[in-house]
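Enquirer: These protein sequences, in sequence, are chains P and S.
Counting from 52, one number per residue, gives the positions in the first sequence under my numbering.
Counting from 878, one number per residue, gives the positions in the second sequence under my numbering.
Ideal Cβ placement from N, Cα and C applies to all residues, glycine included.
Keep in mind the model is a prediction, meaning the values are calculated, not measured.
Sharing a structure with you now.
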Amino acid sequence: MLAFAFVSCDSDDFEEPWVEPEVITTGVYILNSGQDGKNNAILSYYNPETNVLTGKIFQNQNDGLIIGDTGNDMVIYGNKMYILASGSNKIYITDLKGKLLKYSNGNDAIIEPLNASNQPQKPREGVAYEGKVYVSLFDGYVAQIDTTSMAITKTVQVGTYPEQLTVAKNKLYVANSGYGQGSTVSEVDLSSFTVKTIDVVKNPNKILTDKNNFVYIISWGDYQNTQAVLQKYDPSTGKLTTLGTKIASKMALSKDNDKLFLICSTYDESWSPTTKLQSFNLTTNTLDEKSFITVPANMDISKAYSLDVDPINGDIYIGTSDYSTNGNMYIFSADGTYKTSFGTGGINPMGAYFVTGVK
Amino acid sequence: MRILFSTFLFFYSFACTSLLAQTNDSIKTQKLSEVEVSAHIKPSAARSTTPLQVITSESITEQGLQSVSDVVRRFNGVVLKDYGGIGGLKTVAIRGMGAEHTAISYDGITVSNVLSGQVDIGRFALDNISAVSLSISQSDDIFQTARVLGSAGVLNLQTAIPSFNEHNHEGKARITTGSFGLFNPVLDYSHKISNSFAISANGSWQRADGNYPFKQEDDKLLPDRKRKNSDVDIFRTEINIFNNFGKSGDLRAKIYYFDSERGLPGSVTIANDYAAERLWDKNFFTQMVYNTTFSPKLKFRSQAKYDYTFTRYVIEELSDRKTNRYKQHEIYLSNALLYTINNNFSASLAEDLSYNTLNNDMATFADNLPYPKRYNSLTGIAAKYDIKQFTATASLLATYISEEVKNNSDNNTYKRLTPTISASYQPFDVTNLRFRVSYKELFRVPTFTELYYSSISKKLNPELARQFNMGATWVGSISDVLNYVNASLDVYYNNVRDKIIIIPYPFMASSTNLGKVRIKGVDLKLATNISLGDKMNVDINGSYSYMEALDMTDPGNSKTYKNQIQYTPKHSGAITVGFNNPWVNFSYSIVAANKRYFNIQNIKDNRINGYSDHSISLYKKLRIKGYDCYLQGNLLNIWNENYDIIAYYPMPGRSFKITGGFKF
Chain P
52 MLAFAFVSCD
62 SDDFEEPWVE
72 PEVITTGVYI
82 LNSGQDGKNN
92 AILSYYNPET
102 NVLTGKIFQN
112 QNDGLIIGDT
122 GNDMVIYGNK
132 MYILASGSNK
142 IYITDLKGKL
152 LKYSNGNDAI
162 IEPLNASNQP
172 QKPREGVAYE
182 GKVYVSLFDG
192 YVAQIDTTSM
202 AITKTVQVGT
212 YPEQLTVAKN
222 KLYVANSGYG
232 QGSTVSEVDL
242 SSFTVKTIDV
252 VKNPNKILTD
262 KNNFVYIISW
272 GDYQNTQAVL
282 QKYDPSTGKL
292 TTLGTKIASK
302 MALSKDNDKL
312 FLICSTYDES
322 WSPTTKLQSF
332 NLTTNTLDEK
342 SFITVPANMD
352 ISKAYSLDVD
362 PINGDIYIGT
372 SDYSTNGNMY
382 IFSADGTYKT
392 SFGTGGINPM
402 GAYFVTGVK
Chain S
878 MRILFSTFLF
888 FYSFACTSLL
898 AQTNDSIKTQ
908 KLSEVEVSAH
918 IKPSAARSTT
928 PLQVITSESI
938 TEQGLQSVSD
948 VVRRFNGVVL
958 KDYGGIGGLK
968 TVAIRGMGAE
978 HTAISYDGIT
988 VSNVLSGQVD
998 IGRFALDNIS
1008 AVSLSISQSD
1018 DIFQTARVLG
1028 SAGVLNLQTA
1038 IPSFNEHNHE
1048 GKARITTGSF
1058 GLFNPVLDYS
1068 HKISNSFAIS
1078 ANGSWQRADG
1088 NYPFKQEDDK
1098 LLPDRKRKNS
1108 DVDIFRTEIN
1118 IFNNFGKSGD
1128 LRAKIYYFDS
1138 ERGLPGSVTI
1148 ANDYAAERLW
1158 DKNFFTQMVY
1168 NTTFSPKLKF
1178 RSQAKYDYTF
1188 TRYVIEELSD
1198 RKTNRYKQHE
1208 IYLSNALLYT
1218 INNNFSASLA
1228 EDLSYNTLNN
1238 DMATFADNLP
1248 YPKRYNSLTG
1258 IAAKYDIKQF
1268 TATASLLATY
1278 ISEEVKNNSD
1288 NNTYKRLTPT
1298 ISASYQPFDV
1308 TNLRFRVSYK
1318 ELFRVPTFTE
1328 LYYSSISKKL
1338 NPELARQFNM
1348 GATWVGSISD
1358 VLNYVNASLD
1368 VYYNNVRDKI
1378 IIIPYPFMAS
1388 STNLGKVRIK
1398 GVDLKLATNI
1408 SLGDKMNVDI
1418 NGSYSYMEAL
1428 DMTDPGNSKT
1438 YKNQIQYTPK
1448 HSGAITVGFN
1458 NPWVNFSYSI
1468 VAANKRYFNI
1478 QNIKDNRING
1488 YSDHSISLYK
1498 KLRIKGYDCY
1508 LQGNLLNIWN
1518 ENYDIIAYYP
1528 MPGRSFKITG
1538 GFKF
């Protein structure tokens, strides 16, 4: 009996079933821009596993140093975070816990972009690509930051009052809002840094690229003669198409690249502000008017301010703001079911920024 | 049709015939101000049916007050919103209501600003002012313009009438210099051309660098700072003509010109002290008032004003330069009749017509500039019953405003009837204790900024408010030493409905009538004079305000409901102690307020710390070569306290001023 057992069950034959290491969202940073001139930009950190929000990350990690005025955007890339404060004219480079990194000379990694007349250039939004972080500067430039040296290595002039930027096929696209009067998107070749101008509908502000390298642009118009328009640009053909009018003011790409979630804030016939939540099906190229989330009773969608999608599990994060009290963040699963909500710890949540890592 | 009727009323009151002079109240106190030859109405604060605070130029000098804002900070029931420095915007908000509800008047005629609805009191100087008064709700003088009936209160600056004691001419000159490059010469001259005609002219120049140092403790990158781009260069001139026609009446006319250039330092931004905004203001106005009597019982007063304001704003940033220009015109006519039925009972009727226009260019609104024009008709009727122990006043104001706008906007009209009633009663003969009660309804129409420059929708309702006040006053003397005591205590309740709330441009800006505010408060005032002999005395002036102004807009919103509204301290006050003697007058003054919030959510992040601002003034009269001269020194904010009234607009730290002046 015992001899039989020795032959058929040798411990050397046993192998563990192979499981690929899982990438999860380990944390979500929420950047509250604060109000214009009130120096109250606040970075908060949300742990989706414990459902706990911790506020004032930056000032607690950096001995009371605060982000300052109008924390407009941030980029999480590699093991660094780049926090942009437009009003205070600073780009703060920190580790993934929000602590400022240091240059080799011991100084804090803080960039202050100034133009030739020593005027603040006001960093607005950022995007990362192939070892560099590109930041739009409100005085009409895009700065390239090298992620190793943590310094600006190149600046290129684009249109006036540039806002959001995105990259598709080694070309950078930036929406030149012109502070409401602009109507161009600048295309910057990231090898030669030559700039080409694309004409779009008035007041472009939002821009993103999907996984097929199509570029989507939202122009806000002027709310009266020109309405908000969602456009699609194909970099390979140079063709610009309008996907819909008065359907989007803000957008986010779904995790599976199959739809664009849209928030549209506009005015109705009697000039009252109204908000619609819809989605655009990128496979059929049609608008789905059904709300992409089930709105919970405690949410006022007219205050919807930011829209982001978790790149790992597809959860939808919507931030709300009334411009004077601390904002809220609402989380929905990819199919639109409400999960949870919490206060963001600051005013005007600009977005949810996801930190991912291996579990 | 409405405009036609008011025009008829206007000409009817003009066409009526003669009147009689009314007796004026005078302050029934031991401490009389200098007697002036020409008639000068001095309101009696103790008898008033509504809270009234008056400060004369003599007290202003004794207390060392240098500007209108210095005076206002020592009144109770008000919040002065001061953006710091000489050039910083200064507006007055009464008892928890917005500054748009306060009427600022210059010699009885309201100064208006239809663009923002708030008047910057920093543009007025105290140089030829004889009295500053703050009347909450409404004054008991029913012979006034209809426009003063429509506000939460009136801050009136009364200019001096020359007294010509000895000669046909008189004048004064002074020079002030002080910290941060302050230089301020003033010249005043009056000439009596005949027994019935006099002219006076006044000119001043005020310039300063204004780059005061301050500490910004929450800025670890730039903690020690200086206020940059904070210079001012202001020129003011005023000419007054006094004409006495004997039985036919009297006429007083004024031309006023104000020209300023200033740097706007802006709010303090963490880690960034770039400031490059500049503001040019020019204001020209001319106003006149004609008084006559049609019969022994019927008095008539006609006032007219033309006002032109030009503002140019330039900002240089982001490799760009932007300019905005604004032009406002106002034409104003007011006619009032006072009918004295008998010694105790009088009634009045006033009709005000005014026309306001605004022209401007602003790049952001290039295609949609509204060029608004506003026609206003205000009709006020009032009655007063006055005997020794009892005074009652009632009034009704009918307002009709019509607007014409270009470019995509509907024309708006507003009409409303608002009543006021107030009374004061002295129950005992033996003492001056008086009780008072008053109730007022008021409203304010939206400003041009709220209607046309804040959002796409251009319809807004007016803000409505109710004021209710109860109080007591007492004037008298307690002993030979404590020979003057004036005390008043008022308890009030106000509410504001349809308060206008603006959510700012550029994304989805909107302005709505959503707000509700409930205000409860207590105002306490105490003034006393302690005599220390023939030539020495101590003056003590104290005021304290308790103000609970809560946002009641949305009971479901725990972040805002019943939170104290912005910039309104629960506790605030001022005290000035002056030692008057034949050598050097010395005065010590403290102004203080407790914490405030700069957002409606009352959390620590939105809190501005409380402060106390101490100052010292020294004043010496001299006689040099037969001329009356004086020397004054002020040390302001002596403990160098870094504080803000408006978040991130620091007030100056320790500074000094020296003034030398003389009369001729």
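Can you list, in chain order, the residues of the segment 382-394 of chain P whose Cβ is nearer than 9 Å to any Cβ on chain S?
Expert: If the cut-off is 9 Å between Cβ atoms, the segment 382-394 of chain P has G394 near chain S.
Enquirer: Between E181/P, D190/P, E214/P and F189/P, which has its C-alpha nearest T198/P's C-alpha?
Expert: T198/P has its Cα closest to that of E181/P, out of E181/P, D190/P, E214/P and F189/P.
Enquirer: Just the chain S side, please: which residues come within less than 9 Å of D190/P by C-beta, in chain order?
Expert: Residues of chain S passing the Cβ test: E1194, L1195, S1196 and D1197.
Enquirer: Quick one: what does DSSP say S1301/S is sitting in, helix, strand or coil?
Expert: In this structure, S1301/S counts as strand in the three-state DSSP scheme.
Enquirer: With 7 Å as the threshold, decide whether the Cβ of N349/P is near any Cβ in chain S.
Expert: Taking Cβ atoms only, chain S never reaches closer than 7 Å to N349/P, which makes this a no.
Enquirer: Can you confirm whether the segment 224-243 of chain P touches the segment 205-212 of chain P when touching is taken to mean that 3 or more C-beta pairs between the two stretches lie within less than 8 Å?
Expert: Counting Cβ pairs under 8 Å, three or more are found: they touch.
Enquirer: If you reduce the DSSP assignment to three classes, tell me which class L333/P lands in.
Expert: Three-state result, L333/P: coil.
Enquirer: At a CB-CB cut-off below 8 Å, which residues of chain S make contact with D120/P?
Expert: Those within 8 Å of D120/P in chain S are T1146, I1147 and N1149.
Enquirer: Using DSSP with H/G/I as helix, E/B as strand and the rest coil, what is L259/P?
Expert: Correct three-state label for L259/P: strand.
Enquirer: Do we get a CB-CB distance below 7 Å when we pair Y185/P with the residues of chain S?
Expert: It does not: the Cβ of Y185/P has no partner Cβ on chain S nearer than 7 Å.
Enquirer: Please confirm whether T292/P and V280/P have their CB atoms less than 7 Å apart.
Expert: No; because the gap between Cβ atoms is not below 7 Å, this pair is not in contact.
Enquirer: Straight-line CA distance for P1459/S to I1493/S?
Expert: Cα to Cα, P1459/S sits roughly 18 Å from I1493/S.
Enquirer: Measuring alpha carbon to alpha carbon, tell me which residue in T288/P, T407/P and T317/P is nearest S300/P.
Expert: If we check each option's Cα against that of S300/P, T317/P comes out closest.
Enquirer: Relative to the alpha-carbon of V1358/S, which residue among Q1164/S, G1510/S and N1414/S has its alpha-carbon at the smallest distance?
Expert: Residue N1414/S is the option with its Cα nearest to V1358/S.
Enquirer: For P1383/S, I'd like the list of residues in its chain whose CB is within less than 6 Å of its CB, leaving aside the five on either flank, ordered along the chain.
Expert: Per-residue confidence for P1383/S stands at a pLDDT of 46, beneath the threshold of 50, marking its modelled position as unreliable; the derived number appears in the next sentence. Counting only Cβ-Cβ distances below 6 Å, and skipping sequence neighbours, we find nothing.
Enquirer: Of the residues F1091/S, N1201/S and R1024/S, which one's Cα is nearest the Cα of S1532/S?
Expert: Looking at the Cα atoms, F1091/S is the closest of the given residues.
Enquirer: Please tell me whether Y1262/S and F1222/S are closer than 7 Å, where the distance is taken between their beta carbons.
Expert: The answer is yes: Cβ separation under 7 Å.
Enquirer: Which residues in the same chain have their Cβ closer than 6 Å to the Cβ of V79/P, if we skip the five residues on either side of it in sequence?
Expert: Cβ neighbours of V79/P beyond the five flanking positions: Y97, A403 and F405.
Enquirer: Tell me where the alpha helix (DSSP H) around S946/S begins and ends.
Expert: It spans V945 to R950 - the alpha helix (DSSP H) in which S946/S sits, taken as one unbroken run.
Enquirer: Just the chain S side, please: which residues come within less than 9 Å of K89/P by C-beta, in chain order?
Expert: Within 9 Å Cβ-Cβ: S1144, F1475, N1476, N1483, A1524 and Y1525.
Enquirer: How far does the beta strand (DSSP E) with F1320/S in it extend, from its first residue to its last?
Expert: Where F1320/S is concerned, the enclosing beta strand (DSSP E) stretches over R1311 to R1321.
Enquirer: Under a Cβ-count criterion, where at least 16 other Cβ atoms within 10 Å of its own Cβ denotes burial, should Y960/S be classed as buried or exposed?
Expert: Flag for Y960/S reads buried.
Enquirer: Closer than 8 Å, Cβ to any Cβ of chain S: which residues of the segment 145-158 of chain P, in chain order?
Expert: Listed by position along the chain: nothing, the set is empty.
Enquirer: Note down, in chain order, all residues in the segment 279-302 of chain P with a beta-carbon under 9 Å from any beta-carbon belonging to chain S.
Expert: Those would be S300, in chain order.
Enquirer: Is the shortest distance between the beta-carbon of Q170/P and the beta-carbons of chain S less than 7 Å?
Expert: Closer than 7 Å to some Cβ of chain S, the Cβ of Q170/P qualifies, so yes.
Enquirer: At a Cβ threshold of 7 Å, is G402/P touching chain S?
Expert: No, its Cβ sits nowhere closer than 7 Å to a Cβ of chain S.
Enquirer: I'd like the list of long-range same chain contacts for K1376/S, defined as Cβ closer than 8 Å, with 5 residues on each side in sequence excluded.
Expert: Hits under 8 Å: G975, E1340, N1390, L1391, G1392, K1393, V1394 and T1430.
Enquirer: Take T1308/S and list the residues in its own chain whose beta-carbon comes closer than 8 Å to its own, dropping the five residues that flank it on each side.
Expert: W1351 and G1353.
Enquirer: Whole angstroms is fine: what's the gap from E1193/S's alpha carbon to L1156/S's?
Expert: C-alpha separation (whole angstroms): 12 Å.
Enquirer: On the three-state DSSP scale, how would you describe T376/P?
Expert: If DSSP states are grouped into helix, strand and coil, T376/P belongs with coil.
Enquirer: Quick one: grab the DSSP three-state call for D984/S.
Expert: Here D984/S sits in coil by DSSP.
Enquirer: At what residues does the beta strand (DSSP E) containing Q1509/S begin and finish?
Expert: Per DSSP, Q1509/S belongs to the beta strand (DSSP E) from Y1504 to L1513.
Enquirer: If you measure beta-carbon to beta-carbon, which residues of the segment 1089-1119 of chain S are closer than 9 Å to chain P?
Expert: Cβ contacts with chain P come from D1095, D1096, K1097 and L1098.
Enquirer: Start and end of the alpha helix (DSSP H) containing T938/S?
Expert: Segment S934 to E939, the alpha helix (DSSP H) holding T938/S.
Enquirer: Is it true that the CB of T1114/S sits closer than 7 Å to the CB of D1158/S?
Expert: Taking 7 Å as the Cβ cut-off, D1158/S and T1114/S do not qualify as a contacting pair.
Enquirer: Keeping to the same chain, check which residues put their C-beta closer than 7 Å to that of T938/S; ignore five residues upstream and five downstream.
Expert: Closer than 7 Å at the Cβ level, and outside the excluded window around T938/S, lie Y1496.
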